[in-house]
Each structure stands twice: as structure tokens, then as C-alpha cells.
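**Student:**
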Amino acid sequence: MAQVTTIPTGNNDLLQEAAPTRHIGTIERFVGPENYRILTGLLKTPASIVGLSLIIFYAAIALAAPMLAPPKATGDPFQIPRDGFSSAPKPPGTVWTRNAPAIPFWYKAVTGKDKWVHLFGTSEGQYDIFYAMIWGTRTAFKTGLVVTFTTLLIGVIIGSVSAYYGGIVDNLIMRVVDIFLILPSILAALILAAVLTPKIGKSLIPTMTALIAFGWMGYSRIIRGDILSVKERDYVMAARVIGVKDSRILFRHILPNAIFPTLILASLAIGDVVLSFAALSFLGIGTAVGYADWGQILSFARNWITSLNTYWWIIVWPGLTLVLFVLGWNLLGDALRDVLDPRMRGKI
Amino acid sequence: MTTYIIRRLLLVPVLLVGVTLLIFIMLQTISPIERTALYVRDIPKNDKAIDGIIKLYGFDKPWYVQYWRWLVGRVDATTGVRKGGILFGDFGYSRTSSQPVEELIKNRFPNTLDLTIWAVGPVIMVGIWMGVQTAVHQNGFIDQAGRIFSIIGTSFPTFVFGLLMILIFYATLHWLPPGRLSDNFSQVVDSDSFHHYTYLLTFDSILNGRFDIFWDAIKHMLLPILTLSYISWATFLRVTRGSMLETLRMEYVTTARAKGLAERDVINKHARPNAMLPVVTLAGFQVVLLLGGVVITESVFNYPGIGAAAARAAVNLDVITVLGFALFDGFILIIANLIVDVLYAFVDPRVRLS
Chain G
1 MAQVTTIPTG NNDLLQEAAP TRHIGTIERF VGPENYRILT GLLKTPASIV GLSLIIFYAA
61 IALAAPMLAP PKATGDPFQI PRDGFSSAPK PPGTVWTRNA PAIPFWYKAV TGKDKWVHLF
121 GTSEGQYDIF YAMIWGTRTA FKTGLVVTFT TLLIGVIIGS VSAYYGGIVD NLIMRVVDIF
181 LILPSILAAL ILAAVLTPKI GKSLIPTMTA LIAFGWMGYS RIIRGDILSV KERDYVMAAR
241 VIGVKDSRIL FRHILPNAIF PTLILASLAI GDVVLSFAAL SFLGIGTAVG YADWGQILSF
301 ARNWITSLNT YWWIIVWPGL TLVLFVLGWN LLGDALRDVL DPRMRGKI
Chain W
1001 MTTYIIRRLL LVPVLLVGVT LLIFIMLQTI SPIERTALYV RDIPKNDKAI DGIIKLYGFD
1061 KPWYVQYWRW LVGRVDATTG VRKGGILFGD FGYSRTSSQP VEELIKNRFP NTLDLTIWAV
1121 GPVIMVGIWM GVQTAVHQNG FIDQAGRIFS IIGTSFPTFV FGLLMILIFY ATLHWLPPGR
1181 LSDNFSQVVD SDSFHHYTYL LTFDSILNGR FDIFWDAIKH MLLPILTLSY ISWATFLRVT
1241 RGSMLETLRM EYVTTARAKG LAERDVINKH ARPNAMLPVV TLAGFQVVLL LGGVVITESV
1301 FNYPGIGAAA ARAAVNLDVI TVLGFALFDG FILIIANLIV DVLYAFVDPR VRLS
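If you read the sequences in order, they're chains G and W. Numbering-wise, the first sequence is residues 1 to 348 according to the working numbering. Numbering-wise, the second sequence is residues 1001 to 1354 according to the working numbering.
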């Protein structure tokens, strides 16, 4: 029998064409071309760059909080210092009289004054608004990061188990997701936080737990969908044929190929988490009175709504802080929506 | 479609059991003494009385017995009086507001319903209208303005926007007050001469011929409606715009244009109806959300609906009351979602004809 062999000819033109003509960097090699496209797409529009700058600005404030608004030498730095106890808010620029914390080093150079003043005024009960805003940034990032990371973890595990096993497991898990989705998330979180607070005490934990408990469902739905499509790929079949364990196939072969969009989505949800946290805090659920978070400082305004025209600063400064923060995340999220939209492929 | 509806109906009992179990689990976090509020008014004075009540209502029994007792209550063997039992509408006693929880809900829910009825129109209609306009003028000035409008809308937390509205329209301009009614009118409404036909204030005031009360009630609702609208317009705008753009790219739209139809007819008669499907889902979802009581908006404006009541109970750490609201909301939302899904099946030909 004559053996048929194909000998490669010397003509490699086609290969030459297939080879990339542009330089592929380390990052692109690491995350893969599709994910790299998503990452760079996030930074291409002016809006998303503004968004990213806003977030970086806030992150810088959070890191530099002890320098921007030095805390008292003793006690919890997250406790907002009070200038006395009288009720009516004082306008921006009022001089600290009692209980003043240290003056930050930049203050004299920037303003040329010697006395430390309430830069943004005080709220009801003489809580310093500037201090609350600066340290509230730390609270925001802390709650946002912890809640987002935990919900993502729970959501991904539940969603991937559901998608991988399918059948009755999938059906059961998805019904549980339906049940958790019945109540609007803010109401559900409010209820759970109210139930947990008497047990745990007033702190960040009840609200964060509540936001986690009612926040994971979206991620499990998304990752479930992505895994269902990855599951059918040939390399998964190949792994199954050579007898790889279920858990290893799921976590080593499927998940890494399906998780990226969910990861990005989650990182942008930090804004929403901070918003929900502030809303609950505004209603009076969560941290003890005087804890530096944005929702709390706004809640002090609730007793002054008839005279807000006089005391405008008690809502304008904290409100603006919160709006710009959420705006930053939304601008990035908007860019992401465009990047992930298949119809927009190739346009940005 | 029948199979779709049957399958959807079968989901209802699952959701009901699920939501009651979820709330029952949360209920277990409080002590049996606090849980006595499910059946009796006051906290028993001495240990003996407490033990008696714990025995009587079975707080010492396994969880499934307690769960069943919580669902159907306990019928006294001699008098035949039923105590407790959420399925019979007995949600326990709210110790912070000194009335039964179901009484509190009965007082508050009509206000939420009233707000929902008046807010639905502006929220949905204007949102859709803006979405269509931005899609038709894609990348034009209107589109860019709409985009900015919607991104600012989604970035404004409800309570910040609400406080800003109060600052402008109440504290500065004195136009639109928060609350439900002016004092002199609430006296009229509480008096015997005012008949409550529907318990919805705006409708009752018209039926009683008191247009001044009607106008006052509307004035108090304008700010909450505006707040709710602004926050949801952004979402409606985005969804309508996306769906509309997709439809405008369809070939039958090109055909309609090629036939020489006026652009107005192409948009209003050919494109828009077909672009409405995702918007219908969103609209249903939005109505359901409003019905569930909008916790933050109601709280900011001191509007006495179920959302604000739930928030107050939560701040007072009155777990029985809070969970009562959760149950009520759960029931309402399950039913409302069912209605929306079935209606959607009629609207969407893909479901209707399958």
C-alpha cells in the first residue's frame, strides 16, 4: 500500500496573513483578546474617562482621609467630632469652638487662616459635615468592596453549581432565586437589617449582611447563563472524556472562561451598593448615630425640611458627594454596556 | 399559551411557601417573649404567665409545628376564637404603634395605592415618550440631552433628589408641602360627614364633592410623583431607546419608508408598537414596585404609605410589624407579578401563539 503523506509546501502566505500585525501586550496576552477589548473599551469614551477619574479621586480621598481631616488622637476615627451639642446647624465657615480636632497641615497654606473652621458647616447636633464626608468616603469604599465581593462570591458559586448540574438542581436553585427576588431589594434589606440589628447591635454589619443576603441573585443568573453556553464547548467535553472530576471541570475549565463579564459588572455595582447602604442609613437603619457615613449625615436634615432654604448646606454638600460618587460608577457602567453589546462590536 | 399560564400558576404556591418560610426564619431570630406579640397584646408580666403563653401557643414545639401554627393560628377549643394565623389575615400586634399590624396596613395601603395610581401615568408615558424621541433623533441633540438626563437621573439617589425637591418647592417657594393633607382638611376627612367609598383619598374627595380636598391631596402627591418619575424615567428612556433603535433597523420599516409613508406614521404606526414589548415588561415591573410601597420616597416626604410605615417600624426595631409588612408585600407582589406575566403572554405574540 502506498502511503499518502502531505508534505507542507513552502508557501506560508496564508499563515503570514493570519499572524497579528499589531503588537500584543502582556495584559492582552494575560486576559485574552475578548476581555482585553472590554477593558480598553471602558477607557475610550470621554464619559467613561470622567467616570474613572471621579472614582480615582474618591479613592484618593479615602486613602488620604487622616491627612485631609485629622481625627482626634483618641477614640474611633469614624466617630464624627461634634462642636458642642446645640441643635440648629451652623453655616460653612463657622469657627470650631469646642472639641476641635487637629488642624490639617495644608489648611494654613491653602486658606491663610489660623483657626480651624467647619468648612462645610455643621449638621443637626453640631456634627462636622466636612469630616463626615471625608471619612464617609472610607465607609463607602469599605462597605461597597466587602458587600460586592461577598455577593459576587456567593452568586458565582450558586449560579455555577446550578448551571453545571442542570436538571432538578438547577430548577430548585432558580426557584430559590425567584423567592429571594420577590421583595424589592431595598425593602428586603431594610427588613433583614431591622431583624439583625437587635442581635448584633448598631454597626456596619447588620446592613452589610442584609445587602449581601439579598444581593447575590443577579450574579447567579448572569453567571448561570454564561456557563450554560461555555458548558457546550469541546474542551469541556474533552475534559469529561478523560475523566476529570466535576468540581475540577467546573472551577478550572468552565468558570475561568465564563466569569469575566460578571466580574466587570460586579466591580461597577459598587456604586449601587454604596447607594443602597446610604439609603438605609438615611432611614436610620444601620450605624450608630454619629458614625461617618453619607446617608447618616443626610438623615440629620430630616428634622429641618421646613427650613432647608436657611440650612441648605446640610443637604447640598453631602448630597453632591453622593451624587458624584454614583455618577462616576454609572459613567463607567454606561461605557461597559456599550462594550458588551454585541451590536456595538467593532465600533468602539 | 395555556401551558405557559399553567406553569406560571404552578409557581405561585412555591413562591408563597418560599416567602413565608423566609420570613418565618427571620422571625426565629427574636426571643419567644417578643414573638408572643403574634398572639397577644402585651408582654406578659411574670415568668409564670410567660411560660403559660409559650406552652399555649407552642413556642416550645419543633419548628414545623410552629410554622404551621404561625400560618393558621390557634383556635381556642372552648370559645372557638382564632388567635394568630397569617393566612387568616392576623399578622400579630404592633407594639410600637399600639394596634394590630393588619389594622396598620389597612390604614396605610390605600395611600400607597393612591400614589401608585397617580404616579403610573407620568412615570410610564413620559418615560416612553422620551425614549422614542431619543431613538428617532439618534446621535442628534435630543439624543445627547436624553443621555445626559438619564445618566444624571440614575445617579441621583432617591432621597437626595427628594430633599432637593423639598428645598426648592417647599422650603424656598412654599408651593408643594410634604405629608398627606393640610391640617384643616385632614380634620374634615376624619369627621363622620366625609364618606369613605374607596378609601382612596383623591377618589373619595371627588365622590364627596370636595374638589378643594382633591386638589390639596394632589398637591401633596406632586413631589413624590415627580421624584418617582425622575428616577424611573432614566430606565424607561434607556430601554425604550434601545428597543426602538433595534426596530427602526428592521426591514419592514425600510419598506414602509420606501412606500413613501410619512415619517410620523412610520414611527407611530409601524415601529413603535413593535418596540413596546420590553417596555411592557418594564412597566409591569415598575407598577409592582410602586405597589410594594416605595420606602425611601414615602419616608422623605412623610407620605403615610406602607413603605414609610415599614421603615418606621424597622427603625423602632419592631420585628413583628416589619415582618408583617414583608408578608403583606410578598403576597401583593406575588399576585401582581402573576398578573403582569399573564398579561404579557397576551401581548407578546411569541408567547400567545406558542
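Idealized CB from N, CA, C, for every residue including glycine. All figures in this text were calculated on a predicted structure; none of them were measured in a lab.
Roughly how many angstroms lie between the CA atoms of S1299 (chain W) and S220 (chain G), to the nearest whole one?
**Tutor:** C-alpha separation (whole angstroms): 32 angstroms.
**Student:** Can you tell me whether DSSP reads D1143 (chain W) as helix, strand or coil?
**Tutor:** Looking at D1143 (chain W) - three-state DSSP - the assignment turns out to be helix.
**Student:** Just to confirm before moving on: does the CB-CB distance between N309 (chain G) and T1172 (chain W) stay below 8 angstroms?
**Tutor:** Contact: yes.
**Student:** Does H1023 (chain W) pass the burial test, meaning 16 or more other C-beta atoms within 10 Å, or should it be called exposed?
**Tutor:** What sits at residue 1023 (chain W) in the sequence shown is Ile, not His. So I1023 (chain W) counts as buried.
**Student:** Would you check if the distance between the CB atom of I249 (chain G) and the CB atom of T137 (chain G) is smaller than 8 angstroms?
**Tutor:** Against a cut-off of 8 angstroms, the Cβ pair of T137 (chain G) and I249 (chain G) comes out as no contact.
**Student:** If you measure from the beta carbon of P91 (chain G) to each beta carbon in chain W, is any gap under 8 angstroms?
**Tutor:** Closer than 8 angstroms: no.
**Student:** Is the CB-CB distance between A288 (chain G) and K202 (chain G) below 8 angstroms?
**Tutor:** Yes, the Cβ-Cβ distance between A288 (chain G) and K202 (chain G) is below 8 angstroms.
**Student:** Determine, for S267 (chain G), whether the minimum Cβ-Cβ distance to residues of chain W falls below 8 angstroms.
**Tutor:** So no, S267 (chain G) is outside the interface.
**Student:** Find out if the Cβ-Cβ distance for the pair I186 (chain G), A279 (chain G) is shorter than 8 angstroms.
**Tutor:** Cβ distance < 8 angstroms, so I186 (chain G) and A279 (chain G) count as in contact.
**Student:** Whole-angstrom Cβ separation of S162 (chain G) and M174 (chain G), contact assumed at under 8 angstroms?
**Tutor:** With 8 angstroms as the limit, S162 (chain G) and M174 (chain G) qualify as a contact, their Cβ atoms being about 6 angstroms apart.
**Student:** According to a CB-to-CB cut-off of less than 7 angstroms, which residues of the region 215-233 of chain G neighbour chain W?
**Tutor:** Hits within the stretch: zero.
**Student:** Counting pairs of beta carbons, one from the region 142-154 of chain G and one from the region 248-267 of chain G, are three or more of them closer than 8 angstroms?
**Tutor:** In short, these stretches touch, since the Cβ pair count reaches three.
**Student:** Report the option in W:F1236, W:W1070, W:I1006 and W:P1273 whose CA atom is closest to the CA atom of D1348 (chain W).
**Tutor:** The option with the nearest alpha carbon to D1348 (chain W) is W:P1273.
**Student:** Are G1085 (chain W) and V1065 (chain W) touching if we call contact CB-CB under 8 angstroms?
**Tutor:** In this structure, V1065 (chain W) does not lie closer than 8 angstroms to G1085 (chain W) by Cβ.
**Student:** Taking DSSP's pairing of strands, which residues face T122 (chain G) in a bridge?
**Tutor:** Answer is G:D128.
**Student:** Does D334 (chain G) have its Cβ less than 8 angstroms from a Cβ in chain W?
**Tutor:** Taking Cβ atoms only, chain W reaches closer than 8 angstroms to D334 (chain G), which makes this a yes.
**Student:** So, at 8 angstroms on beta carbons, what are the nonlocal neighbours of W1118 (chain W) in its own chain, with the 5 sequence-adjacent residues on each side left out?
**Tutor:** Result list for W1118 (chain W): T1202, I1218, M1221 and I1225, in chain order.
**Student:** Quick one: list the residues of chain W neighbouring G155 (chain G), beta-carbon separation under 8 angstroms, in chain order.
**Tutor:** Here the premise fails: no neighbours, minimum Cβ distance about 18 angstroms.
**Student:** Runs of 4 residues minimum, wholly inside the region 62-150 of chain G: which ones carry the alpha helix (DSSP H) assignment?
**Tutor:** Whole alpha helix (DSSP H) segments, 4+ residues: 65-68 and 106-111.
**Student:** Quick one, which residues of the region 1319-1332 of chain W are near chain G if we go by CB-CB under 9 angstroms, in chain order?
**Tutor:** Result list: V1319, V1322, L1323, F1325, A1326, D1329 and G1330.
**Student:** Buried or exposed: where does S86 (chain G) fall if 16 or more other Cβ atoms within 10 Å of its Cβ makes it buried?
**Tutor:** Flag for S86 (chain G) reads exposed.
**Student:** Thinking C-alpha only, which one of W:N1337, W:R1238, W:V1340 and W:L1323 is nearest Q1028 (chain W)?
**Tutor:** Among W:N1337, W:R1238, W:V1340 and W:L1323, the Cα nearest to that of Q1028 (chain W) is on W:L1323.
**Student:** Are I179 (chain G) and W216 (chain G) closer than 8 angstroms when you measure CB to CB?
**Tutor:** No, the pair does not count as a contact, with Cβ atoms beyond the cut-off.
**Student:** Just to confirm the assignment: which complete beta strand (DSSP E) runs, minimum length 3, are found wholly within the region 1023-1105 of chain W?
**Tutor:** Counting only runs of 3 or more, we get nothing.
**Student:** By the criterion of Cβ-Cβ separation under 7 angstroms, what are the contact partners of T1172 (chain W) in chain G?
**Tutor:** N309, listed in chain order.
**Student:** Please go through the region 190-278 of chain G and give each complete alpha helix (DSSP H) segment of 4 or more residues, from N-terminal end onward.
**Tutor:** With a minimum length of 4 residues, the continuous alpha helix (DSSP H) runs that stay inside the region 190-278 of chain G are 204-213, 217-230, 234-241, 255-258 and 260-268.
**Student:** Counting pairs of Cβ atoms below 8 angstroms between the region 75-82 of chain G and the region 123-142 of chain G, do you hit three or more?
**Tutor:** As far as the Cβ criterion goes, the region 75-82 of chain G touches the region 123-142 of chain G, which means the pair count is three or higher.
**Student:** Would you check if there are 3 or more beta carbon pairs closer than 8 angstroms linking the region 1030-1039 of chain W to the region 1330-1342 of chain W?
**Tutor:** Taking 8 angstroms as the limit for Cβ pairs, the verdict is that the region 1330-1342 of chain W does not touch the region 1030-1039 of chain W.
**Student:** Is the Cβ of G284 (chain G) closer than 8 angstroms to any Cβ of chain W?
**Tutor:** For G284 (chain G), the answer is yes, since a Cβ of chain W falls inside 8 angstroms of its Cβ.
**Student:** Going by beta carbon distance, what residues of the same chain come within less than 6 angstroms of L192 (chain G), once the five residues before and after it are set aside?
**Tutor:** Once the five neighbours on either side are set aside, the close Cβ partners of L192 (chain G) are A210 and A213.
**Student:** Does any residue of chain W have a CB that is nearer than 8 angstroms to the CB of G319 (chain G)?
**Tutor:** Yes, G319 (chain G) counts as interfacial toward chain W.
**Student:** Comparing alpha-carbon positions, which option in G:Y165, G:Y131, G:A132 and G:L255 lies nearest V156 (chain G)?
**Tutor:** Ranking G:Y165, G:Y131, G:A132 and G:L255 by Cα distance to V156 (chain G) puts G:L255 first.
**Student:** Rounded to whole angstroms, what's the CA-CA distance from L1011 (chain W) to T1281 (chain W)? Just pull it up for me.
**Tutor:** C-alpha separation (whole angstroms): 18 angstroms.
**Student:** Can you tell me whether I1006 (chain W) is buried or exposed, with buried defined as 16 or more other CB within 10 angstroms of its CB?
**Tutor:** It is exposed - the Cβ of I1006 (chain W) has fewer than 16 other Cβ atoms within 10 Å.
**Student:** Beta-carbon separation of V1075 (chain W) and R1082 (chain W) under 8 angstroms?
**Tutor:** Yes, the Cβ-Cβ distance between V1075 (chain W) and R1082 (chain W) is below 8 angstroms.
**Student:** Helix, strand or coil, according to DSSP, for Y58 (chain G) in the structure here?
**Tutor:** Three-state result, Y58 (chain G): helix.
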